[in-house]
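2 protein chains.
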Amino acid sequence: MNIIAHIEASLHSAVAAGEIRGCPPKLAGAIRHAVFPAGARIRPQLCLAVAKACGLDDPGLATAAAISIEFLHCASLVHDDLPCFDDAPTRRGQPSVHSAYGQSLAVLAGDALIVLAFQSLARAAHTSPARLPGLLDTIASGVGMPFGIVAGQAWESEPKVSLTDYQRAKTGALFVAATAAGAQAAGADPLPWRALGDWLGEAYQVADDIRDVMADPQLLGKPTGQDISLGRPSSAIDLGLAGAIEHFESLVDAASKSVPDGPSAQALRKLVRLESERLVPRAACEQFRKAQTRTPATPSKSVTA
Amino acid sequence: MNIIAHIEASLHSAVAAGEIRGCPPKLAGAIRHAVFPAGARIRPQLCLAVAKACGLDDPGLATAAAISIEFLHCASLVHDDLPCFDDAPTRRGQPSVHSAYGQSLAVLAGDALIVLAFQSLARAAHTSPARLPGLLDTIASGVGMPFGIVAGQAWESEPKVSLTDYQRAKTGALFVAATAAGAQAAGADPLPWRALGDWLGEAYQVADDIRDVMADPQLLGKPTGQDISLGRPSSAIDLGLAGAIEHFESLVDAASKSVPDGPSAQALRKLVRLESERLVPRAACEQFRKAQTRTPATPSKSVTA
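Keeping their order, the protein sequence lines are chains U and L. Just so it is clear: in the first sequence, position 125 is 125 by the working numbering, and no numbers are missing. The number in the working numbering is simply the position in the second sequence, starting from 1, with 1000 added.
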């Protein structure tokens, strides 16, 4: 089974465990809607790739860490799409959870997914219980206070925010959790793997900003132009589109260079390269650069402190 | 230090750990607002009392389990008060979190509290890591799908619901988690302790229904009459107030009888008795019964299937 198919099957089986007789059917539907069909599943892929690079002696625990992180990511999307945040009608090309099931069930589906994330970890940890405290702390830190993705989202409610702190928390934190947890699930030291998650997470956030300005909503499966209309911190607004593309490329380069040497380093660097191409295709950047040379644009003024 | 002061100090120190420099200040404020000032803290008291009855050989882990359950309870209150659920302007006699901080921060504070619950467990589990998988699973099961408090809340979105299933999930599940986790944190078998949580949880939900009809909102610190106005399943509507009081008393009695024999059984039974008196004071019941004898009331028709 390839890695994506393995992740999908594991997500399906964890979700199905909560759908037994006696569960509220609409909540079950909302959870399924939030998790499937597949997104890019980059975080769990990254987690499993690092676990593999570290020896993968407990594949069940590594898989649980990977799907736990994906459930947390899905939970954050469901809550971020709510009317009190982005009010996004669509996600991954289908109605957002609150559009399909209403706000109450969207709030509850997000909550249930956060819980399912930690429950999935618990149920796979009997083989290596000594790894669970560190693994659980790493993953929880990627989500909660003070620097996890929930804190990142909360920066949008503050009058003053540093773009780097915001991006690091909103996206980077769960990427760091993915690489560190991959190492910990294999019994390895997470420290050398944190930089990869950190660089890649920042690259993802910058790519998101670029796509918010550049992409076609049909193609992206969610609305575009949200950052400007919601007054949200954005590299593409801060640095201008050309500057943001350059920044993205330097972050991907740093991510690739941060991969610790070893037999799996090449495979991990390939994953980084493929993902960066999927996120911000080089062809589109070249096209934009050519257009820029013909009509030089004035970079927008910063909207953040 | 008495047990309540110990719980408060532990909650304070866990919340403070997330409030370091670089965290978003409004989210930190919303979390603090959700957790303090103290509610009854009955779930953590119950958890610690059971851990004590089971030997309390790892007080740090038992305390973490207790505060973890309280954080999950606080998170559920913050989310249940949101406009898409109860739209409650007050809670514990102060503005609800969304009234004080807005909906976005209320959603995020609830999320952060769920995460903090599991993080608190992780950080206390290094001394007895072998207990963590079971403990984590027990606590997560009390909150998530298919039978935890999130599922209980989701039953309010279903057209047809069994009152017992609804109450067992909405309130009972976290009480069962509290007693079972207390035992597991002390390395004991959780099974003999589940019944206590189960009976007590049901008693709490019935007490809540009674108070929703009978109590003064000033005294309760939150709005009353919500069950009828929101069309929510309620024992007081289902059985009539007199029937609900009788049901409550039989549940408290069953809870008390379910306490496994042992040196701490008497202390636990005392806790049950004191709590039941705090929830539905006998004097108020007697007063109601006397009034009933003078003007017999017709029990309301059931609103649930």
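All C-beta atoms in this analysis are idealised placements derived from N, C-alpha and C, irrespective of residue type, glycine included.
Residue 1224 of chain L (DSSP reduced to helix, strand or coil)
It is coil, neither helix nor strand.
Please state whether DSSP places residue 1300 of chain L in a helix, a strand or coil.
Note that residue 1300 of chain L has pLDDT 39, beneath the 50 cutoff, so the model's placement of it is unreliable and no number is given.
Compile a chain-ordered list of the residues in the region 123-135 of chain U whose CB is closer than 9 Å to at least one CB of chain L.
123, 124, 125, 126, 129, 130, 131, 132, 133, 134 and 135
CA nearest to the CA of residue 1248 of chain L, picked from L:1277, L:1117 and L:1118:
L:1277
Can you pull the chain U neighbours of residue 1026 of chain L, defined as C-beta to C-beta under 8 Å?
154, 157 and 158, listed in chain order.
Going by DSSP in three states, residue 1305 of chain L sits in which element: helix, strand or coil?
Because the pLDDT of residue 1305 of chain L is 28, which lies under 50, any placement of that residue in the model is unreliable, and the number read from its coordinates should be weighed accordingly. Correct three-state label for residue 1305 of chain L: coil.
Check whether residue 1099 of chain L and residue 1083 of chain L have beta carbons under 7 Å apart:
no
Segments assigned alpha helix (DSSP H), at least 4 residues, entirely inside the region 23-102 of chain U
The qualifying runs are 25-35, 42-53, 59-80 and 97-101.
With a 10 Å radius around its C-beta and 16 neighbouring C-beta atoms as the bar for buried, classify residue 1020 of chain L as buried or exposed.
exposed
Cβ pair residue 1235 of chain L, residue 1244 of chain L closer than 7 Å:
yes
Exposed unless 16 or more other CB atoms sit within 10 angstroms - verdict on residue 229 of chain U:
exposed
So residue 1019 of chain L contacts chain U; which residues on that side make the cut at Cβ distance below 8 Å?
145 and 146
Distance, residue 1018 of chain L Cα to residue 154 of chain U Cα:
13 Å
Please report the straight-line C-alpha distance between residue 1264 of chain L and residue 1052 of chain L, rounded to a whole angstrom.
Those two C-alpha atoms are separated by around 8 Å.
Could you tell me if residue 28 of chain U is buried or exposed, where buried requires 16 or more neighbouring beta carbons within 10 angstroms of its beta carbon?
buried
So, residue 1161 of chain L versus residue 1233 of chain L, is the Cβ gap smaller than 7 Å?
yes
Answer yes or no: do residue 1193 of chain L and residue 1180 of chain L have a C-beta to C-beta separation smaller than 7 Å?
yes
How about residue 1304 of chain L: is its C-beta nearer than 7 Å to some C-beta of chain U?
In this predicted model, residue 1304 of chain L has a pLDDT of only 32, less than 50, meaning its place in the structure is not dependable enough to derive any value.
What is the rounded straight-line gap between the Cα of residue 115 of chain U and the Cα of residue 290 of chain U?
48 Å
Taking 7 Å as the CB-CB limit, is residue 1247 of chain L close to chain C?
This model lacks chain C altogether, as its protein chains are U and L.
Residue 1291 of chain L lies in the alpha helix (DSSP H); which residues open and close that run?
1282-1294
Under a CB-based cut-off of 7 Å, is residue 140 of chain U close to chain L?
yes
Using 7 Å as the limit for Cβ to Cβ distance, is residue 283 of chain U near chain L?
no
If you check the beta carbons only, do residue 387 of chain U and residue 1158 of chain L fall under 7 Å apart?
Examination of residue 387 of chain U is not possible in this model, given that chain U is present from 1 through 305 alone.
Against chain L, with Cβ distances strictly below 7 Å, would residue 227 of chain U count as a contact?
no
Which same chain residues end up closer than 7 Å to residue 1166 of chain L when comparing Cβ atoms and leaving out the 5 residues on each side of it in sequence?
The beta carbon of residue 1166 of chain L is closer than 7 Å to those of 1152, 1155 and 1233 in its chain, skipping five residues each way along the sequence.
Going by Cα to Cα distance, which pick from U:285, U:22, U:145 and U:12 is closest to residue 246 of chain U?
U:285
Just checking my contact of residue 1209 of chain L with residue 1225 of chain L at CB under 8 Å: how many whole Å lie between their CB atoms?
Going by Cβ atoms, the distance from residue 1209 of chain L to residue 1225 of chain L rounds to 11 Å, so no, they are not a contact pair.
Which residue wins for smallest C-alpha separation from residue 32 of chain U, given the options U:79, U:12 and U:50?
U:12
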